[in-house]
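Below, the structure is given as structure tokens:
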């Protein structure tokens, strides 16, 4: 068969490469740069070919393999010319058999095209991963290109050059001429265009070679269609004169300069999608699991150059992924400078350094803003906080903290260079590793001045009475930034007045540990040395309570008294789980046993409904059964209970409720209580988080947020482990303000949770990063064998403490908890 002879011919070419010592595609190109681009070699050896490659390509490949063998002491043939002629005869034989089998299509291009491929060196493809949406967007823009070039715009280290190289690899067959131009300096552009001109026409005079080259591209159809890539271009003013105008060709530019969006079709190149990061890490680091890759990607926030460096570092050092993450947190600047990709030449930290220098020269107020952001909590920095309050700051660039136009421009510049991200609702986010690198690049004096200015920004903020609940969200925001900037260490007397208000706030929300930390408690002496604002009442000293007990303990008398106040005034956010009824949980476990048998569930916990459902979802031939399981669960929840705990919760005058249950029993109970709830789901998928109106929740119109999705929106359900991981990757900045308000304004009242369930783990992971220090209440019930023995209680308390969830815990199911709370309410009344 002709196809079989072609495949045998290509296999022989691959075998020759192996006999020659396995030269890389880059090495083969070095030995024959005019004919063997890396993409051409890969197409030769790995492509799905329907006909033989051109002889000129085969000849170049065979000779390059022989040359590489000689360089490494492997002389494959005594008479190499005769050996090449033998390959020529084989090529003619294969070509003849294929031509007899079928005529080529009229538009079937010779495989040697593009006829001219050269200029600067595009990167190899080993670092490329995913980017499917970007590639589709780029392809659409290139095909539609008219007079305006297409420009890949983004911060350094985000993979613009790799994306351009991948586009050439996939679509070079469209062009006769492809030329890669190093565009960071005008002199390099001239050099690479001159090299192209000599290839197009050897008679061009040197004096006018650049202009004549552009003229040839415009007027000589022999070299069309063509594609010019201007890589790492600077400002449009320094490149515009070299861009080909007219003719049958396309221009692709890569640049970190934001001004290109005014003179080109811009395509923003940002961070990897998480799946792309994980794919690259697991593909290039042998033995790395998906979970480990996710941890590394999370720490790097999916920055492409950082992910590539992680691959190189972990492979080269043999360091475990967890140890790499730990080391990265300790010394980010040094780690991000180590092991840059060979074709990039610098590490991520050095790429940032170039951006810092550009800001220093072109927008110093943006650099000043970035330096102060390095000492704030990275997740959510409000624009209002970055506007100077009533306390003066130091330095020459403080105008950016006074002039809103300057501040907006500085944020725009920092956003375009990838140093901050807009998080919506007037907030920005900064990468933790970037914060650490910025600090490392500052002198000791610069660090102290920036930290002092941050303290004065916080202290100068107008946040009102710290005991007024309406001001709690503002104080919660400032408390997070105070911790990040080490405000407790400030000796500035004007700042200490704000510290006194912060202590009052911590006492108002019953956070004794926070009050202790900021009122200057010295544990060894047992005394308090706080400095308070004389304009405010002096708060009582916080009780000296051991740290572990402050973070997680069993409920005590004071906890019940505080809870009674919370449920009668609505000073709490109830969070409701699916294990709220012991009888219903028993029926659900029985259903789980039945389905485990039908699915062939192979594990030892068939009573674990969440695990059985996860197993059903991930079975390719049984996933449809998950819908039937969910329908059975829904019918179970529609059955009324004699004592429905949701009815009690509906009487609590809270403004917001959170739930990880899929059903709508909480909403129904609120409606029966005469209230008008507004339901939302967490935007862990874009289609369920976009354009949701923000509500102003009140006790009469409370917010009900389904953290794990709702039956009413089947696509929003968090069913499998992969769904839970995706949910955890939702940036808190994407959450609407009403959901964030439910998290930071009031302490939590968690009810209906098995502490060993995946829904509880999901809840803890979501809340641990956004909740402010406060005393939460949890009612936990573990129905597993052995009940809640002492060792199990200590284990669960330790887990909650490690997650930094300060909580008092009631051991028992929801009905037991509500019965005890109701009894205490009656006694109090």
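In the working numbering, the protein residues as written are 1 to 829. All residues carry an ideal CB built from backbone N, CA and C; glycine is no exception.
Taking a contact to mean a Cβ-Cβ separation below 8 Å, would you say residue i touches residue j in this structure?
i, j, result
"residue 708", "residue 750", "no"
"residue 263", "residue 152", "no"
"residue 722", "residue 661", "no"
"residue 748", "residue 573", "yes"
"residue 84", "residue 63", "yes"
"residue 310", "residue 290", "no"
"residue 130", "residue 276", "yes"
"residue 74", "residue 11", "no"
"residue 300", "residue 294", "no"
"residue 775", "residue 469", "no"
"residue 401", "residue 355", "no"
"residue 791", "residue 782", "no"
"residue 830", "residue 681", "Outside the shown range of the chain (1 to 829) lies residue 830, about which nothing can therefore be said."
"residue 28", "residue 36", "yes"
"residue 452", "residue 492", "yes"
"residue 225", "residue 167", "no"
"residue 633", "residue 615", "no"
"residue 864", "residue 454", "Since the displayed the chain opens at 1 and closes at 829, residue 864 lies outside it and no answer follows."
Report all residues from its chain with a CB closer than 7 Å to the CB of residue i; omit the five preceding and five following residues, and keep chain order.
i, result
"residue 236", "259, 260 and 263"
"residue 546", "Model confidence at residue 546 stands at a pLDDT of 41, short of 50, so the residue's coordinates are unreliable and nothing is read from them."
"residue 391", "456, 459, 460 and 494"
"residue 87", "58 and 62"
"residue 5", "94 and 97"
"residue 200", "213, 216 and 223"
"residue 676", "700 and 701"
With a CB to CB cut of under 8 Å and the five nearest residues on each side skipped, what residues in its chain are close to residue i?
i, result
"residue 697", "655, 656, 678, 703, 738, 741 and 742"
"residue 636", "584, 587, 588 and 591"
"residue 649", "574, 576, 657, 666, 669 and 751"
"residue 371", "438, 442, 446 and 450"
"residue 319", "313 and 327"
"residue 647", "669, 672 and 673"
"residue 154", "160, 256, 268, 269, 270 and 418"
"residue 190", "210 and 242"
Assuming residue i and residue j form a contact by the criterion Cβ under 8 Å, report the distance between their Cβ atoms to the nearest whole angstrom.
i, j, result
"residue 363", "residue 430", "Going by Cβ atoms, the distance from residue 363 to residue 430 rounds to 16 Å, so no, they are not a contact pair."
"residue 228", "residue 251", "5 Å"
"residue 832", "residue 239", "In the structure displayed, the chain extends from 1 to 829; residue 832 sits before or after that span and is not available."
"residue 552", "residue 807", "5 Å"
"residue 503", "residue 515", "5 Å"
"residue 163", "residue 143", "No, residue 163 and residue 143 are not in contact; Cβ-Cβ is about 16 Å, not under 8 Å."
"residue 473", "residue 505", "About 11 Å; that fails the 8 Å criterion."
"residue 304", "residue 271", "7 Å"
"residue 559", "residue 777", "7 Å"
"residue 803", "residue 759", "Actually they do not touch by this definition, with Cβ atoms about 15 Å apart."
"residue 141", "residue 267", "6 Å"
"residue 377", "residue 481", "5 Å"
Give me, in chain order, the residues of the same chain whose beta-carbon lies closer than 6 Å to that of residue i; leave out the 5 immediate sequence neighbours on both sides.
i, result
"residue 609", "588 and 592"
"residue 810", "555, 779 and 817"
"residue 421", "429"
"residue 570", "653, 654 and 699"
"residue 13", "none"
"residue 433", "332"
"residue 525", "In this prediction, residue 525 has a pLDDT of 30, which is less than 50 and means its spatial position is unreliable; what the coordinates show is noted afterwards. Closer than 6 Å at Cβ, skipping near neighbours: no residue."
"residue 498", "459"
"residue 413", "363 and 366"
"residue 233", "183, 239, 253 and 255"
"residue 317", "none"
"residue 383", "426"
**Report entry** Any 3 or more C-beta pairs closer than 8 Å across the region 277–297 and the region 248–260
**Finding:** no
Query raised in the report: Can you give, in chain order, each stretch of the alpha helix (DSSP H) that sits fully within the region 559–627 and has at least 4 residues?
Result: 582–599 and 609–618
Requested in this report: Could you name each continuous alpha helix (DSSP H) segment of 4 residues or more that falls completely within the region 442–493, going from the start of the chain to the end?
Outcome: 444–459 and 472–484
Query raised in the report: Is the region 236–247 close to the region 214–225, with three or more CB pairs under 8 Å?
Result: yes
Query raised in the report: At a cut of 8 Å, does the region 193–206 reach the region 131–151 through at least three beta carbon pairs?
Result: no
Query - Length-filtered (3 minimum) beta strand (DSSP E) runs lying within the region 353–385 - result: none
Query raised in the report: Hey, which unbroken runs of the beta strand (DSSP E) at 3 residues or more fall wholly within the region 198–243?
Result: 226–233
Report task. Pick out the complete alpha helix (DSSP H) segments inside the region 239–288, 4 residues or longer, and give them in chain order. Result -> 274–284
**Report entry** Minimum length 4: unbroken alpha helix (DSSP H) runs contained in the region 139–176
**Finding:** 160–171
Requested in this report: Output the residue ranges of the beta strand (DSSP E) runs that lie fully inside the region 715–758 and measure 3 residues or longer, sorted by chain position.
Outcome: 748–753
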